[in-house]
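Engineer: Here it is, the structure, as structure tokens.
Protein chains in written order, with the working numbering: chain A, 21 to 435; chain G, 1138 to 1213.
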């Protein structure tokens, strides 16, 4: 089946490494950690007391105080990132094209903080003291809703929710909408802000979070390392402007990469554990490669999901070996979460942005903290730091609870 | 704080307006930019501040800053 070619014409992010893309990328390439002690609430009673927090974010730089007050933090991130993205892309959204510009974002959990605040209010003061803003603040699709209000984009407007693959699925469907000719451009990616008492306690109860390095936060996220003991919760966003090649060329836009494949699968296996042989992960990677019509040997960089949990990193390694065979050892695999922590529903968005940056700049960021290699994780994880290397194809992986797997394949754009 | 000062503070806080804009004759919707959700929350904030219940029929009649002041003073 042939459809429209889809390219990336804009990028934006707010991450634990910086409140814009340029700062985040610079710190990522420099191998700096964005992880520190939790400051959003008193975490002294928690067994995991560290996080990849976004630092010093000022919503009023992007929106009036009154509007900011009516938004959960994840929606504030979405509006700020959406505005930065539209500016970066140079796309003018006006009466002529607004209905052809969609907003499709991934959100894993939504407004946990809002739920916590108003649940306390409900318990303390009764049912007549809950704000009329509670529901509009907490629903996950308020992120694309508010982005459309602030940017004027009037095309399809929705969220995808698939746990830690939410952002990746959003990009997949945005790509599909353009491929099918439903939209000319889509603001897409992921956003999340759940470093809250419920978020941290819930993931702690699952034994998913790192607890061994509370006193040395920068060391806590250690994908593929033998001493990894869970992921570090993070927050932030990563948005891409996807656009049909026709639309991008017609307006002379800068093209950062081409989107050439999307693959998704379900494990049909366990609520939280990935399939022990990485079968679902492998199936999704293969589907993306098949859709692009390339050979596995053509992929030279993988932006791995690499959460720093025992099972994910092991199963992802197995899956990569299954898909790529001997070529697996030639692939430069990077784990952005070693520096940012796990942005949950925003992870696929942020990592998609960094995947495209690797194609655009010819620099592959390294992985930090793999000090004692896990013998079962024995591929090239870029532990020697960032490298000047021009990849041709980047596979970006996201996997989530529920056994959901999603991979996007980006191709270098040679203008 | 007087009733006027307390109400003024609530309005500034809820509607994100400046103190100068909160004049007695100012209309919440037309002058201070409130929408229906803002009005609901404004009434709730006043109920909480003054420890009273404002029923819906009464709330519908509170259109301007001075209406709120008069209503609260009357209730106290």
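Beta carbons: idealized from backbone N, C-alpha and C, even for Gly. None of these values were measured; they are calculated from a predicted model.
#1: Helix, strand or coil: how does DSSP classify residue 33/A here?
#2: Residues of the region 1152-1169 of chain G with a CB closer than 7 Å to any CB of chain A: list them in chain order, please.
#3: Which first and last residues belong to the alpha helix (DSSP H) in which residue 428/A is found?
#4: On the premise that residue 1171/G lies in contact with residue 1200/G, defined as a C-beta separation below 8 Å, what is that separation, rounded to the nearest angstrom?
#5: Which word fits residue 279/A, buried or exposed, when buried means at least 16 other C-beta atoms lie within 10 angstroms of its C-beta?
#6: Quick test of your reading: residue 16/A and residue 74/A, contact by CB under 8 Å. State the CB separation rounded to the nearest angstrom.
#7: For residue 202/A, tell me which candidate among 267/A, 53/A and 184/A has the shortest Cα-Cα distance.
#8: Identify each residue in the region 66-88 of chain A for which the Cβ-Cβ distance to at least one residue of chain G is less than 9 Å, and report them in chain order.
#9: Here's the rule I'm using: 16 or more other beta-carbon atoms within 10 Å means buried, otherwise exposed. How should residue 315/A be labelled?
#10: If you draw a straight line from the alpha carbon of residue 84/A to that of residue 95/A, how long is it in whole angstroms?
#11: Drop a sphere of 10 angstroms on the beta-carbon of residue 11/A, count the other beta-carbons inside from all chains shown, and report buried for 16 or more, exposed for fewer.
#12: Got a sec? Which residues, its chain only, sit under 6 Å from residue 25/A by beta carbon, not counting five neighbours each side?
#13: Pick out whichever of 252/A, 284/A and 374/A has its Cα sitting closest to the Cα of residue 364/A.
#14: Using CA coordinates, which residue listed in 87/A, 155/A, 160/A and 353/A is at the minimum distance from residue 177/A?
#15: Roughly how many whole angstroms lie between the Cα atoms of residue 167/A and residue 342/A?
#16: Mind reading off the beta-carbon distance from residue 357/A to residue 237/A? Whole number of angstroms is fine, and I expect it under 8 Å.
#17: Under a Cβ-count criterion, where at least 16 other Cβ atoms within 10 Å of its own Cβ denotes burial, should residue 402/A be classed as buried or exposed?
#18: Would you say residue 1181/G lies against chain A (beta-carbon separation less than 8 Å)?
#19: What residues from chain A crowd round residue 1178/G, counting only those whose CB sits closer than 7 Å?
#20: Using 8 Å as the limit for Cβ to Cβ distance, is residue 1186/G near chain A?
#21: Fully enclosed by the region 306-384 of chain A, which alpha helix (DSSP H) runs are 4 residues long or longer?
#22: Note down, in chain order, each residue of its chain lying with its Cβ closer than 6 Å to the Cβ of residue 129/A, except the 5 sequence neighbours on either side.
#23: For residue 408/A, count neighbouring Cβ atoms within 10 angstroms of its own Cβ and tell me buried if that reaches 16, exposed if not.
#24: Residues in the same chain with beta-carbon distance under 8 Å from residue 174/A, minus the five sequence neighbours each way, listed in chain order, please.
#25: Measure how close the beta-carbons of residue 413/A and residue 318/A come, nearest whole angstrom, since I'm counting them as under 8 Å.
#26: Just how far apart, CA to CA, sit residue 1206/G and residue 155/A?
Structural biologist: Answer, in terms of the structure:
#1: strand
#2: 1152 and 1153
#3: Unbroken run through residue 428/A is the beta strand (DSSP E), 424-431; no alpha helix (DSSP H).
#4: Incorrect: roughly 10 Å between the Cβ atoms, too far for contact.
#5: buried
#6: Here chain A has residues from 21 to 435 only, and residue 16/A is not among them.
#7: 267/A
#8: 84, 85, 86, 87 and 88
#9: exposed
#10: 14 Å
#11: A question about residue 11/A goes unanswered here, because the residues of chain A that appear run from 21 up to 435.
#12: 265
#13: 252/A
#14: 160/A
#15: 40 Å
#16: Not confirmed; about 14 Å, so no contact.
#17: buried
#18: yes
#19: 151, 152 and 153
#20: no
#21: 330-344, 357-360 and 367-381
#22: 214
#23: exposed
#24: 118, 119, 121 and 168
#25: 5 Å
#26: 30 Å
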